[in-house]
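Residue numbers (full-length UniProt numbering): 1 to 293.
Ideal placement from N, C-alpha and C gives every residue a C-beta, glycine not left out.
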Amino acid sequence: MSPSPIPPCPPPLPAKKLAQTTKKLSTSKNSIKNNESNKENIQSNDIDESYALLNRKFYSRECDWALKYPDIQKACYLAKVCLYKAPTELRLSVIEPILQVGPTCGLTALSMLFEGEPTAGLLLDEVKKLGYSNNGEMFSTQQMSELLGKILSRKQLDNEITNMVICGAYCDSTIEIKLKLGAILLVPYDSDYDHAPCLKFGHRAHWALIVGYLVDEDKKFYVIARHGKTKNLAVWQLSDLIRSNSNLTEFVQPVGHPNETFILPDEGIGGKNGLRSKFILIEGFKTKNEIII
Numbered sequence: 001m002s003p004s005p006i007p008p009c010p011p012p013l014p015a016k017k018l019a020q021t022t023k024k025l026s027t028s029k030n031s032i033k034n035n036e037s038n039k040e041n042i043q044s045n046d047i048d049e050s051y052a053l054l055n056r057k058f059y060s061r062e063c064d065w066a067l068k069y070p071d072i073q074k075a076c077y078l079a080k081v082c083l084y085k086a087p088t089e090l091r092l093s094v095i096e097p098i099l100q101v102g103p104t105c106g107l108t109a110l111s112m113l114f115e116g117e118p119t120a121g122l123l124l125d126e127v128k129k130l131g132y133s134n135n136g137e138m139f140s141t142q143q144m145s146e147l148l149g150k151i152l153s154r155k156q157l158d159n160e161i162t163n164m165v166i167c168g169a170y171c172d173s174t175i176e177i178k179l180k181l182g183a184i185l186l187v188p189y190d191s192d193y194d195h196a197p198c199l200k201f202g203h204r205a206h207w208a209l210i211v212g213y214l215v216d217e218d219k220k221f222y223v224i225a226r227h228g229k230t231k232n233l234a235v236w237q238l239s240d241l242i243r244s245n246s247n248l249t250e251f252v253q254p255v256g257h258p259n260e261t262f263i264l265p266d267e268g269i270g271g272k273n274g275l276r277s278k279f280i281l282i283e284g285f286k287t288k289n290e291i292i293i
């Protein structure tokens, strides 16, 4: 039996027709690739959205005990404190945040205490006249206390308010008792990159207004703070704040203010009129609103 004849090869396409056919084939391949890629992207997006939903469901449980108090919820979430169980105790004097302009952290903290009246700018004019400051810096706890006294005398508030400088004589437990009774503190400390207390020997000295406290399920005592670098409340361990306050020994020229002259007390910030191991205790001051849990 003879083999089947081999069919003849088709004649070659003309050059123009060949180019069109090649283009169609290339387009078809790209279309297939694009469709496959789109399918992968759609699947990937679906997975991402699923994970996002899972994450939202998971994270919504963190600090959900504070849903009624968004500022407290955010502060505890950022500090990783009381994530899944409510504090056993919490007390907070509600004070609205004010952001500082320039090196006016102490003056801004005072302005916050009085709801922005006087402003930090007006207080700056006053401390310049008193010779306490050139740029808003307040490196003397005693002078801060004197300035607070002047504001209180002008305000003529109904309730009796006292403020005094505490010079390292109070132990943690005594401070805890004062805060539990509603006291407010003005505390100088070293501020880290996230504004939490750190130990930089006073090179990053900053002022904070301690407006409350909380105690977690492990009986750890935390302070709740306001300061001029952020609108968020801050939650720190009291022991960390005390250590930071006790390490304020020396001044360095702030990086953002290389040409300004700053007024320092005799013997510097670590001396008897400076900041080290000193804070201001304010008792009898009542804010318009208070949260107690």
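For residue 127, the enclosing alpha helix (DSSP H) starts and ends at 120-130.
Under DSSP, residue 162 shares a beta bridge with 283. DSSP, reduced to helix, strand and coil, places residue 277 outside both helices and strands of the structure shown, so it counts as coil. Under the DSSP assignment, residue 224 falls outside any alpha helix (DSSP H), being part of the beta strand (DSSP E) whose first and last residues are 221-226. For residue 214, the pairing in a beta bridge is given by DSSP as 90, 222. Residue nearest to residue 236 within the set 252, 77, 139, 107 is 77 (criterion: CA-CA distance). When C-alpha distances from residue 211 are compared across 200, 218, 217, 176, the shortest belongs to 176. Under the three-state reduction of DSSP output, residue 117 falls in the coil class, being neither helix nor strand. Residue pairing by DSSP places residue 184 opposite 282 in a beta bridge. DSSP lists 198, 205 as the beta-bridge partner residues of residue 190. Under the DSSP definition of a beta bridge, residue 253 lacks any partner.
For residue 258, the number of other beta carbons within 10 angstroms of its own is below 16, and it is reported as exposed. The three-state reading of DSSP puts residue 100 in coil, since its state is none of H, G, I, E or B.
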